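Following: one structure in structure tokens, then a few remarks.
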Amino acid sequence: MSAAGAIAGFADPLTRVLLAGDGFTMSSLEAILGAPLLVRVRRQIEVPARRLPDHVTDALRVPGAERVLLRRSALVTADQRLASMNHVVAVRGPAAATGLDDVRVPIGAGLIARGVAQRRRILWAGLRRWPDGRPCAARSYLMVVQDRPLCFVRESFDPDLVPPDHLLEPRS
Numbered sequence: 001m002s003a004a005g006a007i008a009g010f011a012d013p014l015t016r017v018l019l020a021g022d023g024f025t026m027s028s029l030e031a032i033l034g035a036p037l038l039v040r041v042r043r044q045i046e047v048p049a050r051r052l053p054d055h056v057t058d059a060l061r062v063p064g065a066e067r068v069l070l071r072r073s074a075l076v077t078a079d080q081r082l083a084s085m086n087h088v089v090a091v092r093g094p095a096a097a098t099g100l101d102d103v104r105v106p107i108g109a110g111l112i113a114r115g116v117a118q119r120r121r122i123l124w125a126g127l128r129r130w131p132d133g134r135p136c137a138a139r140s141y142l143m144v145v146q147d148r149p150l151c152f153v154r155e156s157f158d159p160d161l162v163p164p165d166h167l168l169e170p171r172s
């Protein structure tokens, strides 16, 4: 099933809009919450691309010997309520050039501050598991800058904010 078809299967219109959106996730979640979010980088390391799944390295167009930046982060409220969990794999050179490697700054805010235009290609949407075991809405996409892949992003959303419920029959 295509990503668009999978998104159409979610019952809540807010969930469908968020999963299909090509804007910055942080500002969308802030609008849902009515409160600002902070990025909390849990881990950021460089790894050989060969340690990653083929669908990630193929999307990024990186050979197995190249090193990539692996970032695990979360968007949280000021009182540390978890809104999303994020897994980012970035091409090292462009990540440094665009400031994506700066752990102090959310990816979108860093790109905006540098005047970097980006577009997103949704690769997958569906369900994953939230840390407490409940199903949650999730998506993965490729962020592209100047027609070159910058990063692969997988986002999972708090099911209390972004309802993961599905329709019994997908929309036609």
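In terms of full-length UniProt numbering, the numbers along the sequence shown are unbroken and rise by one, the last being 172.
Even for Gly, the Cβ is constructed at its ideal location relative to N, Cα and C.
Here the structure is a predicted model, which means the values were calculated and not measured.
Is it the case that the Cβ atoms of Leu-150 and Ile-32 are separated by a distance below 8 Å?
-> Translated into positions along the sequence shown, residue 150 becomes position 150. Translated into positions along the sequence shown, residue 32 becomes position 32. No, Cβ-Cβ distance for Leu-150 and Ile-32 is not below 8 Å.
For Gln-44, write down the residues that DSSP places opposite it in a beta bridge.
-> As a position in the sequence shown, residue 44 is number 44, starting the count at 1. Its beta-bridge partners are Arg-71.
For the candidate residues Arg-129, Thr-98, Asp-132, Ala-125, whose alpha-carbon lies nearest to that of Gly-21?
-> Here residue 21 is taken as the residue at index 21 of the sequence shown, counted from 1. Closest option to Gly-21, Cα to Cα, is Ala-125.
Helix, strand or coil at Leu-19 according to DSSP, with G and I counted as helix = Reading the sequence shown from its first residue, position 19 is the one you call residue 19. It is helical.
Option in His-166, Ala-65, Met-143 with minimal Cα separation from Arg-119 | The sequence position of residue 119 within the sequence shown is 119, counting from 1. The candidate whose alpha carbon is nearest that of Arg-119 is Met-143.
Bounding residues of the beta strand (DSSP E) (the contiguous stretch that carries Gly-126) = Counting from 1 along the sequence shown, the entry for residue 126 is found at position 126. Residues 119-129.
Please check the pair Val-68 and Val-47, which I expect to be a contact at CB under 8 Å, by giving their CB distance rounded to whole angstroms.
-> Along the sequence shown, read from residue 1 onward, the residue named residue 68 stands at position 68. Along the sequence shown, read from residue 1 onward, the residue named residue 47 stands at position 47. Beta-carbon to beta-carbon, Val-68 and Val-47 are separated by about 6 Å, close enough to satisfy the 8 Å threshold.
Residues in its own chain within less than 8 Å of Glu-30 by CB, not counting five upstream and five downstream?
-> In the sequence shown, counting from the first residue as 1, residue 30 sits at position 30. Here the set comprises Pro-36, Leu-37.
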